[in-house]
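J.:
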Amino acid sequence: MKIDETTDKKVVVGMSGGVDSSITMLLLKRQGWQPIGVSLKLETWKGDKCKNENACCTEESLKIAKEICQKLGVKHYIYDVRK
Numbered sequence: 117m118k119i120d121e122t123t124d125k126k127v128v129v130g131m132s133g134g135v136d137s138s139i140t141m142l143l144l145k146r147q148g149w150q151p152i153g154v155s156l157k158l159e160t161w162k163g164d165k166c167k168n169e170n171a172c173c174t175e176e177s178l179k180i181a182k183e184i185c186q187k188l189g190v191k192h193y194i195y196d197v198r199k
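Sequential numbering of the sequence shown, starting at 117, is according to this note's numbering.
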């Protein structure tokens, strides 16, 4: 089946709060898809061996991802997958 033939055009987009996932969400909306934003709350890595904490899952990046989804009128879910 071709994608164009489906009537239910829902898709999940992993939202990091960065440019790539934000633009992906915007383009999917413009093309008639019904995207749903999902972000993962992960452990942060800090220490001598890490240059900085992992930017994809900071509280700030989760906040940005949520704001982007709100501006686009898209549902956004955050899943806490820390141990």
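Note that the Cβ used here is the ideal one computed from N, Cα and C, for glycine as well.
For K179, which of helix, strand or coil comes out of DSSP?
T.: The count along the sequence shown starts at 1 and reaches residue 179 at position 63. Helix at K179.
J.: Between which two residues does the beta strand (DSSP E) holding D196 run?
T.: The residue given as residue 196 occupies position 80 in the sequence shown. 192-196 is the span of the beta strand (DSSP E), which, as asked, contains D196.
J.: Ordered along the chain, which non-local residues of its own chain (more than five positions away) have a Cβ less than 8 angstroms from that of V197?
T.: Taking the sequence shown and counting its residues from 1, one reaches residue 197 at position 81. Closer than 8 angstroms at the Cβ level, and outside the excluded window around V197, lie L156, K157, L158.
J.: Taking just the CA atoms, how far does G130 sit from I194?
T.: Numbered from 1 along the sequence shown, position 78 holds the residue referred to as residue 194. Numbered from 1 along the sequence shown, position 14 holds the residue referred to as residue 130. Straight-line Cα distance between these residues: approximately 10 angstroms.
J.: How would you label G153, buried or exposed, when you count the other beta carbons within 10 angstroms and need 16 or more for buried?
T.: Here residue 153 is taken as the residue at index 37 of the sequence shown, counted from 1. By the 10 Å Cβ count, G153 comes out buried.
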